[in-house]
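Enquirer:
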Amino acid sequence: MPQPVTATQDERLTLRVRAMRREAQDVLSLELEDPTGEPLPEWQPGAHIDLRFINGVERQYSLCSDPSDRSGWRIAVLAESPSRGGSRYVHQSLRVGDLVTASAPINHFALVPADEYVFVAGGIGITPILPMIAAAERRGIRWRLAYLGSVAERMAFLDSPHIAGGDVVVVRGDVDGRLDLGAWIGVPSEATPVYACGPERMLDALEALSVDWPRGALHLERFQPKAFGESQGAESFEVVASRSDLVVTVDRGCSILEMLEGAGIGVPSSCLEGVCGTCETAVIEGAPEHRDSILTPDERESNETMMICVSRSLGDRLVLDI
Ligand code: FES
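Be aware that the sequence shown starts at 798, since it is given in the working numbering, and climbs by one per residue.
As C-alpha cells, this is what we get:
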C-alpha cells in the first residue's frame, strides 16, 4: 500500500503539474501530484499551500479540490494585473510536467461547527469556498452562497454542481449591479457563521458590517495584506528567543523575523506580508502589536501567537517560544 507523502510546516514537497485547465477568462487551474504517485498529505476545507516556482517566486493558493482525493491537489490562479511574478509565471511559463515546490497545507480558515453556513465569494475567492460547500453538503448542513464577479466570463467554476444546483445568488456586476450584502446576509449568529474570501474592498465592507454581529461570526481569508498605518508600538524593543537563549533588538524598519534570522535562528516563513501564517510563533510574555491579516479578533486578544514577519511589540520586551 503506498505510503502518504508527509511534510511539516517548514518542510517542502516537490510536486508535478499533472494538468492545467482554463476555468474562466484569466483563471487557470492546476492539478498537482506527487511525482512518484504517493498520496498527498491530508487537508481540510479552507486550507492553502505556499507554492514556490523555479523563478523563486512564492505565493499562497487555496486548495479547491476534494480533500478525500489524495492523488492530487487542485488550485486556481488568477492572472493578476499587474502581476508580482507568481501569476504571470503560471500563465505564461508553467507547463504540464513541470515541478514546483509546495508547503504542507496550512489552514487559518477552517469551518467551525454550525447549523448553517453563509458563504460570500468574490472572483477567485470562490476557490476555498468550493470544498467548504462540499463538506457542508456531506454533513447535511444548510448553506447559501453569494458569488460576486465583474462579468460571467471571469467567474471560475460557475458550472460546478455545487454552484449550479445550490442555494446560490450569482451577481455579475455588469448585469446585476451590486448586491446589498448587509441585506442578503442579515444578522448572523454564532450558529450561522459567515465565511468570505475575495477582493479587499469586499472583505473590508464585510468587516465594517460585522461590527454589530456576534463576535466570531465573520471568518475571512485574505491573500493581500491589510493596510495598517504607522506602527503604534515601541520604536525599539527586545525579543527573547527563549528556546535558543538569545536576545535580539528590533528597531523600526526591521522585522522580528529578520533580526532572529540575522542571529542564526531559522524560522519558517513564506509571504513576509502577514497573510500566510507560516511564521506564526507562540508568545510567552509581552504584548504584541498584531499587524497580520490572519488572526481573528479573539486570537489577537489572547496574544497566544503572533506573525513575526510583520507584527511588532507594544512594550519594550517580548519573550517568544522559539
Ligand atoms: Fe507569511 Fe509571516 S511569513 S505570515
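We treat Cβ as the ideally placed atom computed from N, Cα and C, and that holds for glycine. As the structure is a computational prediction, the values presented were derived from the model and not from experiment.
Would you call the stretch 839–846 in contact with the stretch 881–894, where contact means no fewer than 3 C-beta pairs closer than 8 Å?
Expert: no
Enquirer: Relative to the ligand FES, is the shortest distance from any of its heavy atoms to the C-beta of M1056 smaller than 7 Å?
Expert: As a first step, residue 1056 is located in the sequence shown; it is residue number 259 there, counting from the start. Flag unset: Cβ of M1056 not near the ligand FES.
Enquirer: Who are the near neighbours of W981 in its chain, counting only those whose CB is closer than 8 Å to its CB and skipping five residues on each side?
Expert: Numbered from 1 along the sequence shown, position 184 holds the residue referred to as residue 981. Hits under 8 Å: A943, V966.
Enquirer: Could you pull out every residue in the same chain whose Cβ sits closer than 8 Å to the Cβ of P799, ignoring the five residues on either side in sequence?
Expert: Position 2 of the sequence shown, counted from the start, is the residue given in the question as residue 799. Any answer about P799 is weak, because its pLDDT of 49 lies below 50 and its placement is not dependable; what the coordinates show is given next. G834, E835, P836.
Enquirer: If the criterion is Cβ atoms closer than 8 Å, does the pair A1084 and N1100 meet it?
Expert: Locating residue 1084 in the sequence shown gives position 287, counting from the first residue. Locating residue 1100 in the sequence shown gives position 303, counting from the first residue. Yes, the Cβ-Cβ distance between A1084 and N1100 is below 8 Å.
Enquirer: Starting from A1084, trace the alpha helix (DSSP H) both ways and give me its first and last residue.
Expert: Within the sequence shown, numbered from 1, the residue matching residue 1084 stands at position 287. Looking at the DSSP string, A1084 is not in any alpha helix (DSSP H), and its letter there is neither H nor E.
Enquirer: Starting from the N-terminal side, write out each stretch of the alpha helix (DSSP H) that is 4 residues or longer and does not extend beyond the stretch 931–987.
Expert: 958–962, 970–973, 978–982
Enquirer: For the ligand FES, is there any heavy atom lying closer than 7 Å to the beta carbon of G1074?
Expert: Translated into the one-based positions of the sequence shown, residue 1074 becomes position 277. Checking the Cβ of G1074 against the ligand FES gives yes.
Enquirer: Is the beta carbon of T772 sitting closer than 8 Å to the one on D847?
Expert: Since the first residue shown for the chain is 798 and the last is 1119, residue 772 is missing from the structure and cannot be characterised.
Enquirer: Given that a residue counts as buried once 16 or more other Cβ atoms are within 10 Å of its Cβ, and exposed if not, what is D1048?
Expert: One-based indexing of the sequence shown puts residue 1048 at position 251. Counting Cβ neighbours within 10 Å, D1048 comes out exposed, since fewer than 16 surround it.
Enquirer: Confirm, please, whether the CB-CB distance from P928 to C861 is below 8 Å.
Expert: Taking the sequence shown and counting its residues from 1, one reaches residue 861 at position 64. Taking the sequence shown and counting its residues from 1, one reaches residue 928 at position 131. Contact flag set, yes.
Enquirer: In angstroms with no decimal places, state the Cα-to-Cα distance between R975 and G1059.
Expert: Taking the sequence shown and counting its residues from 1, one reaches residue 975 at position 178. Taking the sequence shown and counting its residues from 1, one reaches residue 1059 at position 262. A straight line joining the alpha-carbon of R975 with that of G1059 spans about 49 Å.
Enquirer: With hydrogens ignored, establish whether the beta-carbon of M1104 is closer than 7 Å to any heavy atom of the ligand FES.
Expert: Sequence index remark: in the sequence shown, residue 1104 carries index 307 (1-based). M1104: yes, Cβ under 7 Å from the ligand FES.
Enquirer: From the DSSP output, which residues share a beta bridge with D847?
Expert: One-based indexing of the sequence shown puts residue 847 at position 50. Answer by DSSP bridge pairing, in chain order: Q857.
Enquirer: Is any heavy atom in the ligand FES found nearer than 7 Å to the beta carbon of L1017?
Expert: Translated into the one-based positions of the sequence shown, residue 1017 becomes position 220. Because no heavy atom of the ligand FES lies under 7 Å away, the Cβ of L1017 does not count as near it: no.
Enquirer: Can you name, in chain order, every residue of its own chain whose Cβ lies under 6 Å from the Cβ of I1091, other than the five neighbours on each side?
Expert: Working through the sequence shown from its first residue, we reach residue 1091 at position 294. Hits under 6 Å: H905, G1074.
Enquirer: Taking the continuous alpha helix (DSSP H) assigned at A1002, which residues delimit it?
Expert: Within the sequence shown, residue 1002 is the residue found at index 205, counting from 1. Run containing A1002: 997–1006, per the alpha helix (DSSP H) assignment.
Enquirer: Whole angstroms are fine: how far does the CA of L825 sit from the CA of V1143?
Expert: Shown here, the chain extends from 798 to 1119; a query on residue 1143 therefore has no answer.
Enquirer: Can the beta-carbon of A1038 be found less than 8 Å from the beta-carbon of I1119?
Expert: Counting from one through the sequence shown, the residue named residue 1038 turns up at place 241. Counting from one through the sequence shown, the residue named residue 1119 turns up at place 322. I1119 is positioned such that its CB atom lies closer than 8 Å to that of A1038.
Enquirer: I'd like to confirm something about L1115: is its beta-carbon nearer than 7 Å to some heavy atom of the ligand GTP, or not?
Expert: For the structure depicted, the ligand GTP is absent and the ligand set comprises only the ligand FES.
Enquirer: Mark R819 as exposed unless 16 or more other C-beta atoms lie within 10 angstroms of its C-beta, in which case mark it buried.
Expert: Counting from 1 along the sequence shown, the entry for residue 819 is found at position 22. Classification for R819: exposed.
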